[in-house]
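Chain order of the listed sequences is U and D.
Numbering-wise, the numbering used here puts 92 at position 43 of the first sequence, and it's gapless, one number per residue.
Numbering-wise, the numbering used here puts 904 at position 24 of the second sequence, and it's gapless, one number per residue.
In this text, a Cβ means the ideal position worked out from N, Cα and C, and glycines have one as well.
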Amino acid sequence: MKGMSVIVKKVAQLLSAMIFVFGMYIAIHGHIMPGGGFTGGVLLASSFIVLVLAQGLEYFKLKQQRERTSLVESLSVLLILLLGFSGLFAGSMVFFGNYLPKGQPGELLSAGNIPIYSILIGIKVAATLFTIFLALTIYKEEVST
Amino acid sequence: MNTEIYLTIILIIMIILALTAIHAKDLLSAVIAQGGIGYGLVICFLLLKAPDLAIVQIVAETITIIIMVAVLHDSTRFEMRCPTCRRDIINLTSALILGATLLYFFVDAISVLPPFGEHTLRMSANYVYDAIEKTGATNLVKGVLWDFRALDTLGEAAVLFTTAMGVLAILRLKGRVKNN
């Protein structure tokens, strides 16, 4: 995939950082305001996708590193499962138990395990969408050459 | 009361857009009309006080439009129609019969539903009133998703994981070759 014009490249560079920060904000504040892991993850993935669409596939040498997004995805699923299993041994002894201290409702550090799940699912969704996008673009590249 | 009027207007616009999407000659305008339906749904979610769903819907709708435009960009913009289609009468009668049946059962079922705007069912009242104490999360949706119904959410994560694996497996062009 070729890159686009200079204007598009510059705007994509400026915008993608802002989209990235906004996605992190949405994912981290999932337990106190609308949004959460899935939405934040989609925003994170779209910040990468905008960059790749603007600069072209060759610029980041993504063909050599396509296993890494898959690795991040699998690791975050594994962490979610491990955190869920750890609920069996602490607190109320149930799968996916919420055993960390609850804190003051409405603050950033509250709601026990929920923010950790939010962040992990954000990473997972971002990695999944970016993996699918990379697979599609690399496939098209391989077919056309 | 105002909400219902706005919802009715948006729903009528969405129905018109759906008819446009079906009958458009140009596939690009069909895709654009379909995007309009999605964004109308976003406004419906916002009016019904569901910002979580609205955010997800707006992102998913944008991605869907981008993918569909990309597909159109690589294929033709015009529909391929078969010239000798003479099944219009059969299609119309079956559609009418199906619509009448569905309408009959719908009218029957709508009398059982609670009136519009009264959300507190027997089961969800427990969630709504005790969620902040039990989970500590101000966003009740996340409290339900990751505390009361965490197992369901794990299933959703598994669906996403399987989707990625399936895409990677289908699109892998060069299979793994065994070294002899």
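Contacts between ILE885(D) and chain U, judged by CB atoms closer than 8 Å, are missing: the closest CB pair is about 25 Å apart. Within the same chain, GLY161 come within 8 Å of PRO150(U) by CB-CB distance, once the 5 residues on both sides are set aside. Using a Cβ-Cβ cut-off of 9 Å, THR973(D) is close to nothing in chain U; its nearest Cβ partner there is about 42 Å away. For the options THR118(U), LEU132(U), SER141(U) and GLN153(U), the alpha carbon positioned closest to that of LYS173(U) is the one of THR118(U). Counting every other CB atom within 10 Å of its CB across the protein chains shown gives ASP932(D) a total of 16 or more, marking it as buried. For ALA898(D), the CB contacts under 7 Å within the same chain, skipping 5 residues up- and downstream, are ILE917 in chain order.
Residues of the segment 171 to 184 of chain U with a C-beta atom less than 9 Å from some C-beta of chain D are LYS173, VAL174, ALA176, THR177, LEU178, THR180, ILE181 and ALA184, listed in chain order. MET73(U) has a beta carbon lying at 8 Å or more from every beta carbon in chain D. Interface annotation for the segment 925 to 951 of chain D against chain U: PRO931, ASP932, ILE935, VAL936 and VAL939, criterion Cβ-Cβ distance under 7 Å. The criterion of a C-beta distance shorter than 8 Å is satisfied by LEU111(U) and LEU183(U). Listed along chain D, no residue sits closer than 7 Å to ALA61(U) by beta-carbon distance, the nearest being about 14 Å off.
Counted as a single uninterrupted DSSP element, the alpha helix (DSSP H) harbouring HIS953(D) occupies residues 931 to 954. DSSP places PHE144(U) outside both helix and strand once states are collapsed to three, so it counts as coil.
DSSP, read as helix, strand or coil, puts PHE109(U) in coil. Under DSSP, ASP906(D) forms a beta bridge with PHE958(D).
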